[in-house]
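Q: For the record, the sequence lines run as chains A and B. Per numbering that gives the first Met the number 0: the first sequence ends with 493, consecutive numbering throughout. Per numbering that gives the first Met the number 0: the second sequence ends with 295, consecutive numbering throughout.
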Amino acid sequence: MNPRIAKDIRLIALTWAITIALMIAASALPQIGKGWAVAIAIFGCLTLAASIFGGEFSHGTISQLLAQPIDRRRIWREKMTLVALGLASVILTVVAIEGTPWFGFVGIVAACAFCTLPFFTLVGRNTLSGIILSVPIPGIIFLIGALLALWLLRPSAGTVNEDRLQFWMNSYFYIVLPAYCAVVFYLGYRRFVNFEVAGREQPGVRLPGSVQARVERVASNLIPAKYRHVRALVAKELHLQHNTMILFLIFTALQLLGLICAKLAHVEDADLFFIVPLFMYVGIIPLVIGSSAIAEENNLGTRAWHLTLPCSVAFQWFTKLSVVLIAATVFGVAAPLFWVVIGRSIGLLGSDSFSPPLALFFCLVFCPPALLVTFIAFYASSFSRDTLRALLTAFAICAGIVFMVALGGGLFESSSLPQRISQYSAAGGAIRVLTTGWVLVGLPLSCFLFLLLRSSFKHFASLDRRRIWPNLLTVVLSPILLFFLLLTLAFLIR
Amino acid sequence: MSTETPAIEIHQLARKYGNTDAVNGLTLSVRAGQCYGFFGRNGAGKTTTIRCLLNLLKPTSGSVRVFGLDPARDEVAVKRRLAYVPDQVAFYPWMTVAQTLEYLASFRDRWNQQTQRELLDRFRLDPAKKVDGLSKGQKTQLALIGAICPEPDLLILDEPTSGLDPIVRREFIQTIIGAYQETAPGRRTVFVSTHLISEFEGLIDQFTIIENGRAALTLEADAAREKYKKIRARFAGEPPRIDVPGILNLRRVGRDLEIVANGASDEIIHRLNAHAPESVSTEALTLEDIFLVSLK
Numbered sequence: 000m001n002p003r004i005a006k007d008i009r010l011i012a013l014t015w016a017i018t019i020a021l022m023i024a025a026s027a028l029p030q031i032g033k034g035w036a037v038a039i040a041i042f043g044c045l046t047l048a049a050s051i052f053g054g055e056f057s058h059g060t061i062s063q064l065l066a067q068p069i070d071r072r073r074i075w076r077e078k079m080t081l082v083a084l085g086l087a088s089v090i091l092t093v094v095a096i097e098g099t100p101w102f103g104f105v106g107i108v109a110a111c112a113f114c115t116l117p118f119f120t121l122v123g124r125n126t127l128s129g130i131i132l133s134v135p136i137p138g139i140i141f142l143i144g145a146l147l148a149l150w151l152l153r154p155s156a157g158t159v160n161e162d163r164l165q166f167w168m169n170s171y172f173y174i175v176l177p178a179y180c181a182v183v184f185y186l187g188y189r190r191f192v193n194f195e196v197a198g199r200e201q202p203g204v205r206l207p208g209s210v211q212a213r214v215e216r217v218a219s220n221l222i223p224a225k226y227r228h229v230r231a232l233v234a235k236e237l238h239l240q241h242n243t244m245i246l247f248l249i250f251t252a253l254q255l256l257g258l259i260c261a262k263l264a265h266v267e268d269a270d271l272f273f274i275v276p277l278f279m280y281v282g283i284i285p286l287v288i289g290s291s292a293i294a295e296e297n298n299l300g301t302r303a304w305h306l307t308l309p310c311s312v313a314f315q316w317f318t319k320l321s322v323v324l325i326a327a328t329v330f331g332v333a334a335p336l337f338w339v340v341i342g343r344s345i346g347l348l349g350s351d352s353f354s355p356p357l358a359l360f361f362c363l364v365f366c367p368p369a370l371l372v373t374f375i376a377f378y379a380s381s382f383s384r385d386t387l388r389a390l391l392t393a394f395a396i397c398a399g400i401v402f403m404v405a406l407g408g409g410l411f412e413s414s415s416l417p418q419r420i421s422q423y424s425a426a427g428g429a430i431r432v433l434t435t436g437w438v439l440v441g442l443p444l445s446c447f448l449f450l451l452l453r454s455s456f457k458h459f460a461s462l463d464r465r466r467i468w469p470n471l472l473t474v475v476l477s478p479i480l481l482f483f484l485l486l487t488l489a490f491l492i493r
Numbered sequence: 000m001s002t003e004t005p006a007i008e009i010h011q012l013a014r015k016y017g018n019t020d021a022v023n024g025l026t027l028s029v030r031a032g033q034c035y036g037f038f039g040r041n042g043a044g045k046t047t048t049i050r051c052l053l054n055l056l057k058p059t060s061g062s063v064r065v066f067g068l069d070p071a072r073d074e075v076a077v078k079r080r081l082a083y084v085p086d087q088v089a090f091y092p093w094m095t096v097a098q099t100l101e102y103l104a105s106f107r108d109r110w111n112q113q114t115q116r117e118l119l120d121r122f123r124l125d126p127a128k129k130v131d132g133l134s135k136g137q138k139t140q141l142a143l144i145g146a147i148c149p150e151p152d153l154l155i156l157d158e159p160t161s162g163l164d165p166i167v168r169r170e171f172i173q174t175i176i177g178a179y180q181e182t183a184p185g186r187r188t189v190f191v192s193t194h195l196i197s198e199f200e201g202l203i204d205q206f207t208i209i210e211n212g213r214a215a216l217t218l219e220a221d222a223a224r225e226k227y228k229k230i231r232a233r234f235a236g237e238p239p240r241i242d243v244p245g246i247l248n249l250r251r252v253g254r255d256l257e258i259v260a261n262g263a264s265d266e267i268i269h270r271l272n273a274h275a276p277e278s279v280s281t282e283a284l285t286l287e288d289i290f291l292v293s294l295k
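1) Quick check on the burial criterion: 16 or more other C-beta atoms within 10 angstroms. Buried or exposed for B/D242?
2) Please report the distance separating the alpha-carbon of B/R270 from that of B/R224.
3) Under three-state DSSP, which class holds B/D20?
4) Name the chain A residues that come within less than 8 Å of B/F106, Cβ to Cβ?
5) Checking the sheet assignment: what are the DSSP bridge partners for B/C34?
6) For the region 92 to 116 of chain B, which segments carrying the alpha helix (DSSP H) assignment without a break, of at least 4 residues, lie completely within its bounds, in sequence order?
7) Specify, as a first and last residue, the run of the beta strand (DSSP E) that B/K57 falls within.
8) Measure the C-alpha to C-alpha separation of B/K226 and B/N261 and round it to an integer number of angstroms.
9) Please classify A/P285 as buried or exposed, where buried requires at least 16 other C-beta atoms within 10 Å of its C-beta.
10) Report the residues of the region 70 to 99 of chain B with a CB closer than 9 Å to any CB of chain C, ordered along the chain.
11) Can you give me, in chain order, the residues of the region 46 to 68 of chain B that have a beta carbon less than 8 Å from any beta carbon in chain A?
12) How far does the alpha helix (DSSP H) with B/D288 in it reach, from first residue to last?
13) Should B/L103 and A/L299 be called a contact, given that it needs their Cβ atoms to be closer than 9 Å?
14) Going by other Cβ atoms of all chains shown within 10 Å of its Cβ, with 16 needed for buried, is B/E158 buried or exposed?
15) Which residues in the same chain have their Cβ closer than 7 Å to the Cβ of A/I345, if we skip the five residues on either side of it in sequence?
16) Check each candidate in B/R213, B/L247, B/L53, B/T48 and name the one with the smallest Cα separation from B/A82.
17) Residues in the same chain with beta-carbon distance under 6 Å from B/S350, minus the five sequence neighbours each way, listed in chain order, please.
18) Is B/R72 helix, strand or coil by DSSP?
19) B/L103 CB to nearest chain A CB: under 9 Å?
20) Alpha carbon to alpha carbon, how far is A/L13 from A/F42? Give it in angstroms, no decimals.
21) What residues from chain B crowd round A/S454, counting only those whose CB sits closer than 7 Å?
22) For the alpha helix (DSSP H) that contains A/I61, what are its first and last residues?
23) In whole angstroms, what separates the C-alpha of B/T281 from that of B/I9?
24) Under 9 Å between C-beta atoms, does B/A127 make it to chain A?
25) Run down chain B in chain order and give the residues with a C-beta less than 7 Å from the C-beta of A/A303.
26) Give the DSSP-derived three-state secondary structure of A/G342 in the structure shown.
27) Could you round the C-beta distance between B/V63 and B/M94 to whole angstroms and report it? I think they count as a contact, below 8 Å.
28) Following the continuous beta strand (DSSP E) through B/Y227, name the residue where it begins and the one where it ends.
29) Name the chain B residues whose beta carbon is nearer than 7 Å to that of A/G300?
30) Return the chain-ordered list of same chain residues with a C-beta closer than 6 Å to the C-beta of B/A71, the five sequence neighbours on each side being excluded.
31) For A/P335 and A/V281, which I take to be in contact (beta-carbon distance under 8 Å), what is that distance rounded to the nearest angstrom?
32) Are the C-beta atoms of B/A142 and some chain A residue less than 9 Å apart?
33) Buried or exposed, going by whether 16 or more other CB atoms sit within 10 Å of the CB of B/M0?
34) Under 9 Å, Cβ to Cβ, is there at least one residue of chain B near A/Q211?
35) Secondary structure at B/H10, three-state DSSP: helix, strand or coil?
36) Have a look at the DSSP bridge pairing and note the partners of B/K15.
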């Protein structure tokens with residue numbers, strides 16, 4: 000095989016393999032599996048299309064590639080053909096797993112990814128920036144178009160002409176979106192053919208300096224001036240979270256537009272405008288926050304010398320963790336909670352959507368998983384070479400855990416345990432059942448958190464990249480083994 | 000701590016990467032106040048050794064001490080006394096030159112503002128310029144300023160002059176490192192790993208050549224120049240055959256005989272004189288020549 004093509008295959012192989020493997024694994028899960036498989040396919044399509052050029056940036060090989068005596072148009076053709084093949088295989092897997100209902104939706108996402116991701120990756124000069132830029136723009140176009148359509152339709156008395164609304168939807172999917180994709184694809188092609196290597200190391204897409212400075216100032220004022228090294232560290236960590244801030248701003252813009260659309264359209268079902276972006280955001284933001292913490296320093300190449308500064312490694316790590324936790328609380332928990340409150344107060348989220356009290360819902364159901372995902376991403380970030388790899392690894396770990404929990408749940412359902420527990424509970428042992436439940440879940444979870452944090456510190460403190468796989472398996476499998484051990488013990492004691 | 004405590008003491012250091020021995024039983028000692036050269040081919044184990052010194056890597060076996068302290072146990076105390084310039088310099092791209100130095104200064108108890116100003120002027124670095132817009136050489140200059148301004152007792156330089164143009168390189172090595180040591184003689188130590196041995200020729204007090212993770216040669220620079228000699232002799236006819244222990248390299252060019260000797264120069268000259276040469280001259284080898292002959 001042509002070594003150049005082999006190299007290009009290598010650039011997308013990891014993403015492709017993870018996507019296909021996770022989709023197949025997810026499809027085996029009862030109930031939620033197929034939905035997960037589609038979500039994984041979408042995420043995989045975006046990453047795969049961005050990796051073909053993003054990989055060249057993360058390896059620092061783009062200038063070397065463009066310096067070779069070969070026509071750039073040929074490189075473009077070869078790369079895009081491979082991406083097309085990769086995306087086609089993902090679509091085929093979706094069809095094989097899901098059947099045809101999802102074919103159209105995943106096909107549209109894959110086509111958009113194929114056309115737009117190369118351009119945005121070349122603009123952002125790294126994979127993650129490419130994804131962050133490319134995803135919301137079609138959404139923003141859709142929402143602005145929807146606003147325009149709603150203004151033209153002028154809904155009154157709480158009703159919208161469904162036919163005319165359908166006309167807008169068709170116009171968007173059959174004219175606006177393809178036209179947008181075609182233009183961006185051409186722009187991507189032109190950009191690659193005329194691409195200039197500025198010699199900068201992954202500038203990416205950053206927030207304006209004034210915005211960052213303002214955020215820094217607010218954070219710095221919270222720390223006494225005599226601890227200037229802590230101030231400097233916190234400011235630096237906030238800068239490393241620039242992907243989080245960009246994502247947050249984009250989400251806020253999307254949510255605002257969605258809110259206006261939903262309000263103007265008098266929709267009863269707010270899913271499309273309000274809840275879908277919210278769920279996408281709450282799913283992605285903890286991953287981005289955790290992944291950026293350490294891997295972003297690897298991207299920049301500053302990690303090694305920073306560890307040699309006269310400030311203990313433990314303190315540097317602790318500062319990182321603290322900033323990550325605060326960012327996760329603010330951007331990953333408080334911001335979605337704010338939007339849920341807004342949605343409820345204007346009547347977009349009825350009692351059907353969130354029936355338990357909001358505070359309780361967030362404290363018990365939403366906050367712990369968000370923080371857990373942040374911790375997992377922080378751990379993945381400690382040994383990953385760049386932020387995207389950290390994000391993918393964290394996503395794979397989370398998917399693996401969901402898979403195992405679902406599998407465990409299935410086993411639990413099929414065993415006689417639920418029946419026994421209800422009998423036991425009826426016999427007056429409810430408190431013991433509850434206590435056993437807390438021990439069964441709490442101990443493995445504590446063990447998992449302890450291993451995550453301990454391992455992330457170990458990886459952070461040393462540049463040694465060996466023993467990552469054994470460590471990964473230990474971190475993920477130990478709590479599961481502990482869980483089953485405790486379960487067996489619970490049975491034996493009874 | 001007594002003044003006798005070495006700035007760096009490495010004893011039987013070994014570090015493996017899987018089955019590969021990056022460093023394998025390295026032993027060396029650097030006295031305080033010295034400029035110590037650490038030479039070796041690519042992949043000889045120089046950067047791994049430096050990373051073990053900085054506690055960025057844990058030794059597989061052996062021990063490492065910096066000013067008598069264990070870098071793993073007394074991490075902050077060690078790092079307070081040293082500054083490090085890596086081979087691949089990188090900074091936070093959103094910071095300006097001044098902000099980067101301010102950032103580095105925030106971790107230090109001591110920071111010489113006057114030195115900072117002088118060096119910025121000398122290197123013609125604009126404090127308001129973004130780090131992202133600096134060339135590779137300018138980033139190295141910035142890293143050097145950041146390492147010298149806190150006036151550390153130990154300066155660890157890993158290929159410090161890569162990317163610098165010849166003028167700046169010479170200025171950096173002879174003026175800055177020289178001045179840095181002279182301001183506190185006997186206290187400030189420089190540990191430099193480099194390929195550009197000739198550039199550091201006049202500064203190096205002692206050096207170690209590392210090969211396959213072991214110290215192949217450790218010598219005082221003056222003693223090395225005394226020991227390693229190049230002897231040239233011209234004869235009326237064909238040069239004679241000389242066989243003396245200590246000859247590292249022997250080359251015949253026409254009527255000339257060129258010998259690189261290791262410590263046996265008197266004996267060799269005595270033997271050559273026995274063959275009535277037209278002329279005999281000796282010269283000390285440069286450190287770079289010593290490096291080349293000892294790795295042959």
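Glycine is no exception: its CB is placed at the ideal position from the N, C-alpha and C atoms. Predicted model, so just to flag it, every value in this text is computed and none were measured.
A: The answer reads as follows:
1) exposed
2) 21 Å
3) strand
4) H228, A231, L308, P309, C310
5) B/V189
6) List check, alpha helix (DSSP H) in window: 96 to 104.
7) Premise fails: B/K57 is in no beta strand (DSSP E) and is neither H nor E.
8) 6 Å
9) Here A/P285 is buried: its Cβ has 16 or more other Cβ atoms, across all protein chains shown, within 10 Å.
10) Judged by its chain identifiers, the structure shown contains no chain C, and its protein chains are A and B.
11) R50, L53, N54, L55, L56, K57
12) 286 to 293
13) no
14) Classification of B/E158: buried, given that the 10 Å Cβ count is 16 or more.
15) Take A/I345, set aside five residues on each side of it, and the residues of its chain with a beta-carbon closer than 7 Å to its own are K262, in chain order.
16) B/L53
17) Chain B is shown only over 0 to 295; residue 350 of chain B falls outside these bounds and no answer can be derived.
18) coil
19) yes
20) Going by the C-alpha atoms only, they are around 14 Å apart.
21) Chain B residues near A/S454: none, gap ~15 Å exceeds 7 Å.
22) 61 to 65
23) For B/T281 and B/I9, the distance between alpha carbons rounds to 36 Å.
24) no
25) L55, P85
26) helix
27) Not quite, the Cβ-Cβ distance comes to about 32 Å (not below 8 Å), so this is no contact.
28) 227 to 233
29) Neighbours of A/G300 on chain B, chain order: Q87, A89.
30) N54
31) 5 Å
32) yes
33) Any reading at B/M0 is ruled out, since the residue's pLDDT is 48, under 50, leaving its predicted position unreliable.
34) For A/Q211, the answer is yes, since a Cβ of chain B falls inside 9 Å of its Cβ.
35) strand
36) B/D20
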